[in-house]
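Data first, discussion second: the structure below is written as structure tokens.
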Amino acid sequence: MSKFIEIGNFSLILLFITNCLIEVSFFIKSSRGALLMRKTIGSALLIITLVGTFFSTSAHAKEYNDNTYAKNDLVGLGDSITFGYNLGINNDIPSNYAFPFLIGEYANLEVRDLGVPGWTTDDLLKAIKNDRNFRESVKQAGYITLDIGNNDLIHTLKATDDLKEFSEMIELMVPILKNNLDEIIREIRKLNDAPIVMYNFYNPFQVTNQPKHALSDQLLSTIINPNIAIVADKYKNVKIADAFSAFDEKQDTYVRKGDIHPTIAGQEVLANIGKKALGIK
């Protein structure tokens, strides 16, 4: 049994088994992302002390908030895929099943997930340049995951059904995508030289969804993903996580039905290839 408690900018999820509290997950919510730290606690006294702290005065809450940018082992940058969209109780905070948190769970890392549903490369670039939350989080990161640009492509796919117009729009979109990814990494490198894993794009369309699946396969394998690799190759300590090959033709397992977002199994795949690319054991 779990219980959700919200106190101002703080949220707690308490997990009970046979009336014994075994896990406390707490979040610091912001307009762009949330910090998740998961602790397993065996002492009832320590649990009472911890919960009491969250119910203390606002001065204590402010003091904690001032230390939000303490060292994070891993920072996740991206869109709804990084966020773990449609996998949580709701979509107000990133899901525990989002791949940055799964990497953190596998490798015992503290994670700050800054994925924002709907964001494009332009949105993330502006945030890294101007948003204190993002800049300070990136500065403190030991590892960085970057999965962004899916919405740049989706907006283009939705813009027209005419193949000729679509081809022309792709020709315009790809250089912008490539340039924004390049600028994002350059901005990150101004703040931190930590290892970065950059995800290429998986095919979000089910194999049975033709001709979209076939068109997406061709577009991703010959144009989009090669350009993502070109950007990564320009920088030291930036590795590609090949989501396209990892998902292969297994969309029925790795992509939610009637959706374009990963299932929990899909997020686990993303975590595994990201962990491997970062050299995390």
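So the sequence shown is numbered by the numbering used here: it starts at 906 and just counts up by one.
Glycine included, every Cβ here is placed at the ideal spot set by N, Cα and C.
What you are looking at is a predicted structure, and each value in this text was computed from that prediction instead of being measured.
Spatial distance of residue i from residue j (CA atoms)
i	j	result
Val-1174	Ile-1129	20 Å
Gly-938	Thr-1158	In this prediction, Gly-938 has a pLDDT of 46, which is less than 50 and means its spatial position is unreliable; what the coordinates show is noted afterwards. Taking the straight line from one Cα to the other gives about 27 Å.
Leu-992	Asn-1084	31 Å
Gln-1156	Leu-1082	24 Å
Glu-1015	Leu-1062	36 Å
Glu-1070	Ser-1121	16 Å
Gln-1172	Gly-989	8 Å
Phe-1152	Val-1112	11 Å
Lys-1186	Glu-1010	12 Å
Tyr-1002	Ile-1169	6 Å
Tyr-1140	Ser-985	25 Å
Leu-1086	Ala-1134	11 Å
Ser-961	Lys-1181	With a pLDDT of 30 at Ser-961, under the threshold of 50, the modelled position of that residue is not reliable, and the figure given next carries that caveat. In a straight line, the C-alpha of Ser-961 is about 42 Å away from that of Lys-1181.
Ser-1126	Met-1078	16 Å
Glu-1088	Ala-1137	11 Å
Leu-1068	Glu-1076	12 Å
Glu-1154	Tyr-1104	18 Å
Glu-1092	Asn-1035	10 Å
Asp-1164	Arg-1037	33 Å
Ser-1000	Val-1160	16 Å
Asn-996	Arg-1094	30 Å
His-1060	Asn-1114	18 Å
Pro-1116	Thr-1025	25 Å
Gln-1123	Asp-1066	17 Å
Spatially closest choice to residue i from the options, by CA coordinates
i	options	result
Asp-1147	Ile-1165, Leu-1183, Leu-1120, Gly-1163	Leu-1183
Leu-1019	Gln-1045, Gly-983, Val-1102, Pro-1080	Gly-983
Gly-1023	His-1166, Ala-1046, Ile-1185, Ala-1170	His-1166
Asn-1132	Glu-1041, Phe-1110, Pro-1080	Pro-1080
Asn-1055	Glu-1073, Phe-1004, Asp-1027	Asp-1027
Ile-1178	Leu-1125, Thr-1025, Ser-1150, Arg-1094	Ser-1150
Ile-1053	Lys-1181, Val-1160, Leu-1124, Ile-1145	Ile-1145
Asn-1013	Gly-1047, Gln-1123, Asn-995	Gly-1047
Residues near residue i in its chain [Cβ-Cβ closer than 6 Å; skip 5 each side]
i	result
Ile-1049	Val-980, Ala-1099, Ile-1101
Ser-1072	none
Ser-948	In this predicted model, Ser-948 has a pLDDT of only 40, less than 50, meaning its place in the structure is not dependable enough to derive any value.
Closer than 7 Å: residue i CB and nearest the ligand SAH heavy atom
i	result
Asp-1122	The ligand content of the structure shown is nil, which means the ligand SAH is not present either.
Other residues of its chain near residue i: CB distance less than 8 Å, five sequence neighbours each side excluded
i	result
His-1118	Asn-1108, Phe-1110, Gln-1111, Val-1112, Gln-1156
Gln-1162	Before going on, a small fix: residue 1162 reads as Lys here, not Gln. These residues qualify, in order along the chain: Gln-1111.
Residue-chain proximity (residue i, chain C), Cβ-Cβ < 8 Å
i	result
Lys-1162	The chain labelled as chain C is not found in the depicted structure, where only one protein chain is given.
Own chain partners of residue i with C-beta closer than 7 Å, once the 5 adjacent residues on each side are dropped
i	result
Asn-1005	Inspection of the sequence shows that residue 1005 is occupied by Pro rather than by Asn. Closer than 7 Å at the Cβ level, and outside the excluded window around Pro-1005, lie Leu-979, Gly-981, Thr-987, Val-1016, Asp-1018, Thr-1050.
Ala-1064	Met-1074
Ala-1176	Phe-1004, Leu-1007, Ile-1008, Tyr-1011
Leu-1096	Arg-1040, Val-1043, Lys-1044
Integer Cβ distance of residue i from residue j, believed to fall under 8 Å
i	j	result
Val-1143	Ile-1090	6 Å
Leu-1058	Phe-1106	7 Å
query: Of all the beta strand (DSSP E) runs that stay within the bounds of the segment 1094–1124, which reach a length of 3 or more residues?
result: Listed in chain order, the complete beta strand (DSSP E) runs (minimum 3 residues) inside the segment 1094–1124 are 1101–1104.
- prompt: Counting only runs that start and end within the segment 1003–1070, where is the alpha helix (DSSP H) found for 4 or more residues in a row?
  reply: Annotation note: the segment 1003–1070 contains the following uninterrupted alpha helix (DSSP H) runs of length 4 or greater, listed N- to C-terminal: 1004–1012, 1026–1035, 1037–1044, 1055–1064.
query: Fully enclosed by the segment 1121–1163, which alpha helix (DSSP H) runs are 4 residues long or longer?
result: Runs found: 1130–1138, 1148–1152, 1156–1159.
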